[in-house]
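Residue 0 is where the sequence shown starts when you use numbering that gives the first Met the number 0, and the numbers rise one by one after that.
Positions of the beta carbon are idealized from the N, C-alpha and C atoms, including for glycine.
Remember, it's a predicted structure, so these values are computed and weren't measured experimentally.
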Amino acid sequence: MTITEFDLSQQVAVVTGGSRSIGRGTALALAEAGASVVLSGRSVDDLEKVAGEVEALGVKALVIECDVREPDAVQRLVDATVAQFGRLDVMVANAGIFQQWQSSEHLTLDEWDNIYETNLRGVMVTCLAAGRQMIKQKSGSIVTIASIQGVVGIEGTVAYTASKHGVVGITKTLALDWAQHNVRVNCIAPAFIARDVEPLQEDETAIEFVTAGTPMRRWGTTRELGLSVLFLASPAASYITGETLVVDGGWCAR
């Protein structure tokens, strides 16, 4: 017996922040499931490299430069996707940044604003642009990328934690607003993921912090994140909306 509900053939997916790490892993998982993939971000050269990997899997790839802090750029991303492929089936709102890890009294308002503009406002703008198109189509799946810090607090990350809690809230509310239009909105909340470039993986204190707090005693992989996104994006999750899937090796089970 073959399970067909994970098949995204004939579907079109957009991944913001698609040039590396979680974005790259997600793009490849969606491509393996048959989706045409639109990769967006600020580094065209890096996006082109991932696009080559996507196309090697036998599907189409399109690179569009986009900074999610700019609403007009996000709208152009959606418009260009529809102009090229005729539709938008999956939006993965992945683009985000981390703050300087330090005790909260040292946080500056400039850093707070920078985190907010990318992680919260950028996700909201991305969801709204995608959602309007999906409402027209009467179908679609949006997957936001939060963090375990959208579910729990971790010391020294107040701006990042606040932004990711906001992403979870956005996900729940849009799911309620758009369920009547057959548009699903869900969230992935990853813990510590071994990214392409991850300074924390070179820090002995950070390594001990992560492994001690993770029951599975390891970092997650971008492949594991990509497959989790694929599940929520696909028809296999057709009766799931407004949910946050925690992918954390057991961190939040404590």
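Cβ neighbours of residue i in the same chain (closer than 7 Å, five flanking residues each side left out)
i: residue 151; result: 251
i: residue 227; result: 187, 244, 246
i: residue 255; result: Any question about residue 255 goes unanswered here, given that the chain covers just 0 to 253.
i: residue 156; result: 98, 100, 148
i: residue 209; result: 191, 218
i: residue 153; result: 160
i: residue 136; result: 86
i: residue 83; result: 61
Chain-order list of residues whose beta-carbon lies under 8 Å from that of residue i (same chain, five-residue window excluded)
i: residue 158; result: 98, 106, 110, 111, 114, 115
i: residue 33; result: 6, 7, 8, 9, 10, 58
i: residue 220; result: 24, 192, 193
i: residue 237; result: 4, 183
i: residue 45; result: 18, 19
i: residue 108; result: none
Assigned exposure category for residue i - 16 Cβ within 10 Å defines buried
i: residue 162; result: buried
i: residue 88; result: buried
i: residue 179; result: exposed
i: residue 57; result: exposed
i: residue 217; result: exposed
i: residue 15; result: buried
i: residue 18; result: buried
i: residue 253; result: exposed
i: residue 85; result: exposed
i: residue 225; result: buried
i: residue 21; result: buried
i: residue 169; result: buried
i: residue 119; result: buried
Contacting residues, own chain, Cβ-Cβ under 6 Å from residue i (five flanking each side not counted)
i: residue 247; result: 147, 190
i: residue 60; result: 36, 50, 53, 54
i: residue 255; result: Since the displayed the chain opens at 0 and closes at 253, residue 255 lies outside it and no answer follows.
i: residue 103; result: 157
i: residue 41; result: 66
i: residue 222; result: 24
i: residue 13; result: 37, 80, 90
i: residue 47; result: 62
Collapsed DSSP secondary structure at residue i in the structure displayed
i: residue 186; result: strand
i: residue 143; result: strand
i: residue 153; result: coil
i: residue 69; result: coil
i: residue 167; result: helix
i: residue 64; result: strand
i: residue 227; result: helix
i: residue 18; result: coil
i: residue 220; result: strand
i: residue 243; result: strand
i: residue 90; result: strand
Contact check, residue i vs residue j, beta carbons under 7 Å
i: residue 25; j: residue 91; result: yes
i: residue 193; j: residue 184; result: no
i: residue 130; j: residue 94; result: no
i: residue 30; j: residue 229; result: no
i: residue 182; j: residue 133; result: yes
i: residue 5; j: residue 235; result: yes
i: residue 143; j: residue 124; result: no
i: residue 140; j: residue 232; result: yes
Residue i beta carbon near the ligand FMN (any heavy atom closer than 6 Å)
i: residue 126; result: This structure does not include the ligand FMN; it has no bound ligands of any sort.
Query raised in the report: Is the region 7-16 touching the region 205-220, taking contact as three or more C-beta pairs under 8 Å?
Result: no
Requested in this report: Kindly confirm or deny that the region 70-88 and the region 105-117 touch, where touching means at least three C-beta pairs closer than 8 Å.
Outcome: no
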